[in-house]
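In case it helps, my numbering puts the sequence shown at residues 129 to 434. Ideal Cβ positions, reconstructed from N, Cα and C, are used throughout, including at glycine.
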Amino acid sequence: MRAFIFPGQGSQAVGMGRALAEASPVARRLFEEVDDALGQNLARLMAEGPIEELTLTENAQPAIMANALATFRTSGIDIGKADFVAGHSLGEYSALAAAGSFDVATTARLLKLRGKAMQAAVPVGQGAMAALLGASLEIAEQVAQAAAQGEVCTIANDNDPTQVVISGHRGAVERALDIAKEKGAKRAVLLPVSAPFHSPLMEPAARAMEQALADARIVPPAVPLYANVTAAAVQDPDEIRRLLVEQVTAMVRWRESIAAMAAAGVSHFVEFGGKVLSPMVKRIAPDAQATSVMTMDDIDALVKEI
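The structure is reproduced here in C-alpha coordinates:
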(Lines of atoms letter the chains of each structure in order from A; the text may use other names.)
(Lines give C-alpha, C1' and ligand atoms only; values in the text may rest on other atoms or scores of the structure.)
Protein backbone atom coordinates (compact mmCIF):
# COMPACT_ATOMS: atom_id res chain seq x y z
CA MET A 129 0.00 0.00 0.00
CA ARG A 130 1.07 3.56 -0.70
CA ALA A 131 0.40 7.06 0.64
CA PHE A 132 1.06 10.40 -1.07
CA ILE A 133 2.10 13.09 1.43
CA PHE A 134 2.51 16.86 1.08
CA PRO A 135 4.78 19.26 3.02
CA GLY A 136 3.85 22.26 5.14
CA GLN A 137 5.30 25.69 5.86
CA GLY A 138 9.06 25.96 6.12
CA SER A 139 9.76 24.13 2.86
CA GLN A 140 9.69 27.34 0.78
CA ALA A 141 12.89 28.49 -0.96
CA VAL A 142 13.74 30.95 -3.72
CA GLY A 143 13.94 29.02 -6.98
CA MET A 144 11.19 26.58 -6.04
CA GLY A 145 9.25 25.42 -9.09
CA ARG A 146 11.53 27.16 -11.62
CA ALA A 147 13.22 24.07 -13.09
CA LEU A 148 9.90 22.22 -13.03
CA ALA A 149 8.17 25.02 -14.97
CA GLU A 150 10.98 25.13 -17.52
CA ALA A 151 10.75 21.37 -18.10
CA SER A 152 7.01 20.75 -17.83
CA PRO A 153 4.06 22.41 -19.61
CA VAL A 154 1.83 20.77 -16.98
CA ALA A 155 3.69 22.58 -14.19
CA ARG A 156 3.60 25.88 -16.08
CA ARG A 157 -0.17 25.62 -16.49
CA LEU A 158 -0.59 24.85 -12.79
CA PHE A 159 1.45 27.90 -11.78
CA GLU A 160 -0.53 30.09 -14.22
CA GLU A 161 -3.78 28.78 -12.74
CA VAL A 162 -2.63 29.73 -9.23
CA ASP A 163 -1.46 33.17 -10.41
CA ASP A 164 -4.83 33.81 -12.08
CA ALA A 165 -6.73 32.73 -8.97
CA LEU A 166 -4.71 35.02 -6.72
CA GLY A 167 -4.27 37.94 -9.09
CA GLN A 168 -0.53 38.02 -8.40
CA ASN A 169 2.63 36.70 -10.03
CA LEU A 170 3.34 34.11 -7.34
CA ALA A 171 5.33 31.94 -9.78
CA ARG A 172 7.85 34.75 -10.31
CA LEU A 173 8.12 35.34 -6.56
CA MET A 174 8.77 31.62 -6.10
CA ALA A 175 11.41 31.60 -8.82
CA GLU A 176 13.17 34.89 -8.10
CA GLY A 177 12.29 35.97 -4.54
CA PRO A 178 13.03 37.99 -2.52
CA ILE A 179 12.98 35.39 0.24
CA GLU A 180 11.53 37.87 2.76
CA GLU A 181 8.43 38.30 0.61
CA LEU A 182 8.17 34.59 -0.23
CA THR A 183 8.38 33.69 3.47
CA LEU A 184 5.38 35.87 4.35
CA THR A 185 2.75 33.38 5.46
CA GLU A 186 0.18 34.59 2.92
CA ASN A 187 2.66 33.86 0.10
CA ALA A 188 4.45 30.81 1.50
CA GLN A 189 1.26 28.79 1.98
CA PRO A 190 -0.07 28.96 -1.61
CA ALA A 191 3.50 28.73 -2.98
CA ILE A 192 4.24 25.46 -1.17
CA MET A 193 0.90 24.06 -2.34
CA ALA A 194 1.54 25.14 -5.95
CA ASN A 195 4.99 23.57 -5.99
CA ALA A 196 3.78 20.29 -4.47
CA LEU A 197 0.76 20.04 -6.75
CA ALA A 198 2.82 20.91 -9.84
CA THR A 199 5.25 18.14 -8.91
CA PHE A 200 2.42 15.67 -8.47
CA ARG A 201 0.67 16.63 -11.72
CA THR A 202 3.90 16.61 -13.72
CA SER A 203 4.42 13.00 -12.67
CA GLY A 204 1.19 12.06 -14.44
CA ILE A 205 0.64 9.43 -11.74
CA ASP A 206 -3.02 8.71 -11.12
CA ILE A 207 -4.23 9.44 -7.59
CA GLY A 208 -5.62 5.90 -7.62
CA LYS A 209 -2.03 4.67 -7.24
CA ALA A 210 -2.28 5.88 -3.63
CA ASP A 211 -4.39 4.29 -0.92
CA PHE A 212 -4.31 7.42 1.25
CA VAL A 213 -3.21 11.05 1.13
CA ALA A 214 -2.03 13.28 3.98
CA GLY A 215 -0.42 16.68 4.39
CA HIS A 216 1.37 18.52 7.18
CA SER A 217 -0.67 21.57 8.23
CA LEU A 218 -1.22 23.58 5.01
CA GLY A 219 -0.12 20.43 3.17
CA GLU A 220 -3.54 19.03 4.01
CA TYR A 221 -4.98 21.42 1.41
CA SER A 222 -2.42 20.20 -1.15
CA ALA A 223 -3.39 16.61 -0.38
CA LEU A 224 -7.09 17.38 -0.82
CA ALA A 225 -6.42 19.17 -4.11
CA ALA A 226 -4.38 16.22 -5.36
CA ALA A 227 -7.27 13.91 -4.42
CA GLY A 228 -9.80 16.12 -6.21
CA SER A 229 -11.67 17.55 -3.20
CA PHE A 230 -10.76 21.15 -4.10
CA ASP A 231 -10.01 22.65 -7.49
CA VAL A 232 -6.68 24.48 -7.79
CA ALA A 233 -8.14 28.00 -7.77
CA THR A 234 -10.16 27.32 -4.62
CA THR A 235 -7.14 25.79 -2.88
CA ALA A 236 -4.95 28.79 -3.74
CA ARG A 237 -7.51 31.33 -2.54
CA LEU A 238 -8.20 29.43 0.69
CA LEU A 239 -4.50 29.23 1.50
CA LYS A 240 -3.93 32.90 0.73
CA LEU A 241 -6.75 33.76 3.14
CA ARG A 242 -5.49 31.22 5.69
CA GLY A 243 -2.03 32.78 5.61
CA LYS A 244 -3.36 36.32 6.03
CA ALA A 245 -5.74 35.30 8.82
CA MET A 246 -3.07 33.40 10.74
CA GLN A 247 -0.66 36.33 10.49
CA ALA A 248 -3.32 38.80 11.61
CA ALA A 249 -4.53 36.70 14.55
CA VAL A 250 -1.67 37.71 16.87
CA PRO A 251 0.39 40.94 16.75
CA VAL A 252 3.96 40.37 15.57
CA GLY A 253 6.26 39.72 18.50
CA GLN A 254 3.60 38.45 20.89
CA GLY A 255 3.68 34.81 19.82
CA ALA A 256 6.41 32.25 19.18
CA MET A 257 7.10 28.61 18.40
CA ALA A 258 9.96 26.34 19.42
CA ALA A 259 11.14 22.88 18.44
CA LEU A 260 11.98 20.45 21.22
CA LEU A 261 14.48 17.97 19.83
CA GLY A 262 15.07 14.64 21.49
CA ALA A 263 11.88 15.06 23.52
CA SER A 264 8.90 12.74 23.56
CA LEU A 265 5.34 14.02 23.40
CA GLU A 266 4.94 13.26 27.11
CA ILE A 267 7.99 15.37 28.02
CA ALA A 268 6.86 18.17 25.69
CA GLU A 269 3.44 18.25 27.37
CA GLN A 270 5.11 18.55 30.78
CA VAL A 271 7.32 21.37 29.47
CA ALA A 272 4.39 23.28 27.97
CA GLN A 273 2.34 22.94 31.14
CA ALA A 274 5.21 24.14 33.36
CA ALA A 275 6.05 27.05 31.05
CA ALA A 276 2.51 28.40 30.59
CA GLN A 277 2.20 30.20 33.97
CA GLY A 278 -1.11 31.77 33.00
CA GLU A 279 -0.18 32.24 29.33
CA VAL A 280 -0.75 29.95 26.34
CA CYS A 281 1.88 27.28 25.73
CA THR A 282 0.73 24.17 23.94
CA ILE A 283 1.82 21.37 21.60
CA ALA A 284 1.56 22.53 17.97
CA ASN A 285 3.15 19.65 16.05
CA ASP A 286 3.83 16.10 17.18
CA ASN A 287 6.16 15.48 14.25
CA ASP A 288 8.05 12.29 15.07
CA PRO A 289 9.51 10.47 18.10
CA THR A 290 12.40 12.96 18.29
CA GLN A 291 10.72 16.28 17.44
CA VAL A 292 7.79 18.09 19.03
CA VAL A 293 6.94 21.76 18.37
CA ILE A 294 5.34 24.02 20.97
CA SER A 295 3.46 27.25 20.34
CA GLY A 296 1.97 30.14 22.30
CA HIS A 297 2.78 33.46 23.93
CA ARG A 298 6.42 34.44 23.40
CA GLY A 299 7.19 34.68 27.12
CA ALA A 300 5.85 31.20 27.79
CA VAL A 301 7.66 29.65 24.82
CA GLU A 302 10.93 31.29 25.88
CA ARG A 303 10.48 29.91 29.42
CA ALA A 304 9.94 26.49 27.86
CA LEU A 305 13.42 26.52 26.31
CA ASP A 306 15.13 26.26 29.71
CA ILE A 307 12.52 23.93 31.17
CA ALA A 308 12.91 21.55 28.19
CA LYS A 309 16.61 21.15 28.86
CA GLU A 310 15.91 20.45 32.54
CA LYS A 311 13.40 17.77 31.46
CA GLY A 312 15.97 16.05 29.26
CA ALA A 313 15.41 17.44 25.75
CA LYS A 314 18.61 17.39 23.67
CA ARG A 315 17.92 20.83 22.23
CA ALA A 316 15.20 23.46 22.35
CA VAL A 317 15.26 26.15 19.66
CA LEU A 318 13.00 29.04 18.73
CA LEU A 319 11.64 28.73 15.19
CA PRO A 320 11.86 31.61 12.69
CA VAL A 321 8.07 32.00 12.34
CA SER A 322 5.95 35.10 12.61
CA ALA A 323 2.98 33.70 14.55
CA PRO A 324 2.08 30.96 17.08
CA PHE A 325 0.49 28.49 14.67
CA HIS A 326 -1.67 25.58 15.86
CA SER A 327 -2.41 27.14 19.24
CA PRO A 328 -5.58 28.60 20.80
CA LEU A 329 -4.19 32.06 19.93
CA MET A 330 -5.14 31.26 16.31
CA GLU A 331 -8.86 31.28 17.14
CA PRO A 332 -9.56 34.44 15.02
CA ALA A 333 -7.99 32.68 12.04
CA ALA A 334 -10.12 29.59 12.68
CA ARG A 335 -13.26 31.73 12.54
CA ALA A 336 -12.09 33.32 9.26
CA MET A 337 -11.50 29.86 7.77
CA GLU A 338 -14.88 28.65 9.03
CA GLN A 339 -16.54 31.42 7.05
CA ALA A 340 -14.43 30.82 3.93
CA LEU A 341 -14.84 27.04 3.99
CA ALA A 342 -18.61 27.34 4.46
CA ASP A 343 -18.78 28.74 0.92
CA ALA A 344 -16.15 26.44 -0.61
CA ARG A 345 -17.12 23.49 -2.77
CA ILE A 346 -15.67 20.27 -1.34
CA VAL A 347 -16.23 16.88 -2.95
CA PRO A 348 -15.20 13.53 -1.45
CA PRO A 349 -11.49 12.88 -2.10
CA ALA A 350 -10.74 10.07 -4.53
CA VAL A 351 -8.81 8.33 -1.74
CA PRO A 352 -9.19 8.89 2.03
CA LEU A 353 -7.32 11.72 3.75
CA TYR A 354 -5.55 11.05 7.04
CA ALA A 355 -6.50 14.22 8.91
CA ASN A 356 -4.06 16.18 11.10
CA VAL A 357 -6.63 16.66 13.86
CA THR A 358 -7.73 13.04 14.27
CA ALA A 359 -4.87 10.99 12.74
CA ALA A 360 -7.66 8.99 11.10
CA ALA A 361 -9.03 8.53 7.58
CA VAL A 362 -11.85 10.80 6.39
CA GLN A 363 -13.74 11.23 3.10
CA ASP A 364 -16.98 12.99 4.07
CA PRO A 365 -16.91 16.63 2.80
CA ASP A 366 -18.69 18.08 5.85
CA GLU A 367 -16.29 16.31 8.18
CA ILE A 368 -13.33 17.55 6.11
CA ARG A 369 -14.68 21.09 6.33
CA ARG A 370 -15.00 20.85 10.12
CA LEU A 371 -11.54 19.37 10.56
CA LEU A 372 -9.89 22.05 8.41
CA VAL A 373 -11.36 24.70 10.71
CA GLU A 374 -10.32 22.84 13.84
CA GLN A 375 -6.84 22.25 12.40
CA VAL A 376 -5.97 25.98 12.66
CA THR A 377 -5.87 25.84 16.48
CA ALA A 378 -5.28 22.11 17.04
CA MET A 379 -2.15 20.00 17.26
CA VAL A 380 -0.85 18.43 14.04
CA ARG A 381 -0.81 14.73 14.89
CA TRP A 382 1.75 13.80 12.24
CA ARG A 383 3.54 11.03 14.16
CA GLU A 384 0.24 9.31 14.88
CA SER A 385 -0.97 9.77 11.30
CA ILE A 386 2.09 8.10 9.78
CA ALA A 387 2.00 5.33 12.40
CA ALA A 388 -1.70 4.74 11.71
CA MET A 389 -1.15 4.51 7.95
CA ALA A 390 1.76 2.13 8.48
CA ALA A 391 -0.43 0.01 10.76
CA ALA A 392 -3.11 0.01 8.03
CA GLY A 393 -0.58 -1.52 5.64
CA VAL A 394 1.15 1.45 3.96
CA SER A 395 4.73 0.49 3.16
CA HIS A 396 5.63 3.34 0.76
CA PHE A 397 5.23 7.06 1.49
CA VAL A 398 5.81 9.47 -1.42
CA GLU A 399 6.42 13.13 -0.54
CA PHE A 400 5.66 15.51 -3.41
CA GLY A 401 7.39 18.89 -3.49
CA GLY A 402 9.54 18.59 -0.37
CA LYS A 403 12.11 16.62 1.58
CA VAL A 404 11.05 17.42 5.14
CA LEU A 405 8.43 14.76 5.77
CA SER A 406 10.36 11.76 4.41
CA PRO A 407 12.98 11.75 7.21
CA MET A 408 10.14 12.02 9.75
CA VAL A 409 8.47 9.00 8.15
CA LYS A 410 11.66 6.95 8.54
CA ARG A 411 11.86 7.87 12.23
CA ILE A 412 8.20 6.92 12.78
CA ALA A 413 8.01 3.81 10.58
CA PRO A 414 11.60 2.57 10.05
CA ASP A 415 10.50 -0.36 7.89
CA ALA A 416 8.59 1.83 5.43
CA GLN A 417 10.03 3.23 2.22
CA ALA A 418 9.99 7.05 2.03
CA THR A 419 10.57 8.79 -1.30
CA SER A 420 11.06 12.54 -1.73
CA VAL A 421 10.01 13.84 -5.17
CA MET A 422 11.20 17.34 -6.10
CA THR A 423 13.01 17.27 -9.47
CA MET A 424 12.32 15.90 -12.94
CA ASP A 425 14.85 13.14 -12.23
CA ASP A 426 12.93 12.27 -9.06
CA ILE A 427 9.69 12.20 -11.04
CA ASP A 428 11.18 9.97 -13.76
CA ALA A 429 12.48 7.53 -11.14
CA LEU A 430 9.12 7.40 -9.37
CA VAL A 431 7.19 6.82 -12.58
CA LYS A 432 9.44 3.86 -13.44
CA GLU A 433 8.95 2.44 -9.94
CA ILE A 434 5.18 2.84 -9.82
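What's the call for residue i, buried or exposed, on a 16-neighbour Cβ count within 10 Å?
i       : result
Met-129 : exposed
Arg-172 : exposed
Ser-395 : exposed
Pro-251 : exposed
Ile-179 : exposed
Ala-240 : Checking the sequence, you will find Lys at residue 240 rather than Ala. Buried: at least 16 other Cβ atoms inside 10 Å.
Asp-425 : exposed
Thr-185 : buried
Val-162 : buried
Glu-176 : exposed
Arg-345 : exposed
Pro-352 : buried
Gln-273 : exposed
Val-317 : exposed
Pro-328 : exposed
Glu-310 : exposed
Glu-160 : exposed
Pro-190 : buried
Gln-277 : exposed
Val-431 : exposed
Asn-169 : exposed
Gly-167 : exposed
Gly-312 : exposed
Gly-393 : exposed
Gly-140 : Just to set this straight, residue 140 is Gln in the shown sequence, not Gly. It is buried - the Cβ of Gln-140 has at least 16 other Cβ atoms within 10 Å.
Gly-253 : exposed
Ala-155 : buried
Ala-355 : buried
Ala-149 : buried
Ala-429 : exposed
Ala-391 : exposed
Please name the residue, chosen from the options, that lies closest to residue i on a Cα-to-Cα basis.
i       : options                            : result
Ala-323 : Pro-289, Val-373, Thr-377, Ile-307 : Thr-377
Gly-208 : Phe-132, Thr-290, Ile-307, His-297 : Phe-132
Val-362 : Leu-224, Cys-281, Ser-406          : Leu-224
Val-232 : Ala-256, Phe-212, Arg-201, His-216 : Arg-201
Leu-182 : Leu-430, Thr-199, Val-142, Ala-194 : Val-142
Gly-228 : Val-347, Ser-406, Arg-383, His-297 : Val-347
Asp-288 : Val-301, Ala-276, Leu-260          : Leu-260
Glu-266 : Gln-291, Lys-244, Pro-365, Ala-249 : Gln-291
Ala-263 : Asp-286, Pro-135, Ala-275, Lys-410 : Asp-286
Met-144 : Val-154, Met-193, Arg-157, Gly-253 : Met-193
Met-246 : Phe-230, Val-301, Ala-188          : Ala-188
Leu-158 : Ser-295, Gln-140, Thr-234          : Thr-234
Val-438 : Leu-319, Met-408, Pro-407          : One cannot answer for residue 438 here, as it falls past the ends of the chain, which runs 129 to 434.
Ala-198 : Gly-402, Arg-411, Asp-211          : Gly-402
Val-409 : Arg-156, Ala-155, Ala-214          : Ala-214
Ala-210 : Leu-405, Met-389, Val-404          : Met-389
Leu-371 : Ala-342, Arg-383, Ala-391          : Ala-342
Val-122 : Ala-304, Gly-296, Arg-303          : Lying before the first or after the last residue shown, residue 122 is absent from the chain, which here runs from 129 to 434.
Ala-284 : Arg-315, Arg-383, Arg-242          : Arg-383
Phe-230 : Arg-369, Ser-217, His-216          : Arg-369
Report back the beta-carbon spacing between residue i and residue j to the nearest angstrom; my notes put them in contact at under 8 Å.
i       : j       : result
Phe-400 : Ala-196 : 5 Å
Thr-419 : Val-398 : 5 Å
Arg-381 : Ala-416 : 18 Å between Cβ atoms; not a contact.
Ala-256 : Arg-298 : 4 Å
Leu-238 : Ala-340 : 6 Å
What number of angstroms, rounded off, separates the C-alpha of residue i from the C-alpha of residue j?
i       : j       : result
Ala-279 : Ala-165 : First, the amino acid is wrong: residue 279 is Glu here, not Ala. Approximately 39 Å, taken between the alpha carbons.
Ala-413 : Ser-385 : 11 Å
Ala-151 : Gln-137 : 25 Å
Met-379 : Glu-269 : 12 Å
Ile-307 : Ala-236 : 39 Å
Val-421 : Thr-282 : 32 Å
Ala-226 : Pro-349 : 9 Å
Glu-338 : Pro-332 : 10 Å
Ala-147 : Met-174 : 11 Å
Pro-153 : Gly-204 : 12 Å
Ala-258 : Asp-364 : 34 Å
Asp-206 : Ile-434 : 10 Å
Leu-305 : Met-330 : 22 Å
Arg-315 : Ser-222 : 31 Å
Glu-374 : Arg-242 : 13 Å
Measuring from the CB of residue i, is there a heavy atom of the ligand FAD at a distance below 6 Å?
i       : result
Ile-386 : Looking at this structure, you won't find the ligand FAD or any other ligand, since it has none at all.
- Query: Along the chain, which unbroken stretches of the alpha helix (DSSP H) at least 4 residues long are found entirely within the stretch 219-297?
  - Reply: Segments of the alpha helix (DSSP H) lying fully in the stretch 219-297: 219-226, 232-249, 265-276.
- In the stretch 381-434, which residue ranges form an unbroken beta strand (DSSP E) of at least 3 residues, counting only runs that do not cross its ends? Those beta strand (DSSP E) runs which fall completely within the stretch 381-434 and span 3+ residues are 396-400, 417-421.
- At which residue ranges does the stretch 295-332 contain complete alpha helix (DSSP H) runs of 4 or more residues, listed in the order of the chain? The qualifying runs are 298-310.
- Ignoring anything shorter than 3 residues or poking outside the stretch 180-217, list the beta strand (DSSP E) runs there in chain order. Runs of the beta strand (DSSP E) inside the stretch 180-217: 212-215.
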